[in-house]
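The numbering of the sequence shown is the numbering used here, which starts it at -16 and goes up by one.
Just so you know, even glycine gets a beta-carbon here, dropped at the ideal spot from N, CA and C.
Please read all numbers here as calculations on a predicted model, not as lab measurements.
Scroll down for the structure; my scribbles are underneath it.
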Amino acid sequence: YSKIRKLSKNEKKSLNVLCKGAALRYLLTRTYDYLNTPKNAIIKKKDPKEYIQKLKIHNKFNSFKNYYN
């Protein structure tokens, strides 16, 4: 992405918060669906645990540099 468009300093500072928010949103949505979807529903329930792990990773990061190799 940064080859096409460089991130601003504010965007870099906000990256961690945005990633945490996205992981939390998926975690909450999947948890709600996991607990409230009827057994005979057409949709497949997805385990929310994946996003607990992702949220833990984002909580460990303290800089946008953690997102780059």
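So, with DSSP's three-state summary, where would you put serine -9? In the structure shown, the three-state DSSP call for serine -9 is coil.
If you count every other CB in all the chains shown that lies within 10 Å of the CB of alanine 66, and 16 or more means buried, which is it? Within the shown structure, residues of the chain are numbered from -16 to 52, placing residue 66 beyond reach of any answer.
Checklist entry - Three-state secondary structure (DSSP) at threonine 20? => result Coil at threonine 20, not helix or strand.
Please state if the CB of lysine 28 and the CB of tyrosine 17 are separated by a distance shorter than 8 Å.
With contacts defined by Cβ atoms closer than 8 Å, tyrosine 17 and lysine 28 form a contacting pair.
Original post:
Under three-state DSSP, which class holds tyrosine 51?
Top reply: For tyrosine 51, the three-state secondary structure derived from DSSP is coil.
Next on the checklist: Only counting the same chain, and skipping five residues up and downstream in sequence, which positions put a Cβ closer than 6 Å to that of lysine 3?
Outcome noted: A distance below 6 Å between beta-carbons, with the five flanking residues on each side excluded, links lysine 3 to the following residues of its chain, in chain order: His41.
Which term fits tyrosine -16, buried or exposed, when burial requires 16 or more other beta carbons within 10 angstroms of its beta carbon? Its Cβ having fewer than 16 others within 10 Å, tyrosine -16 is exposed.
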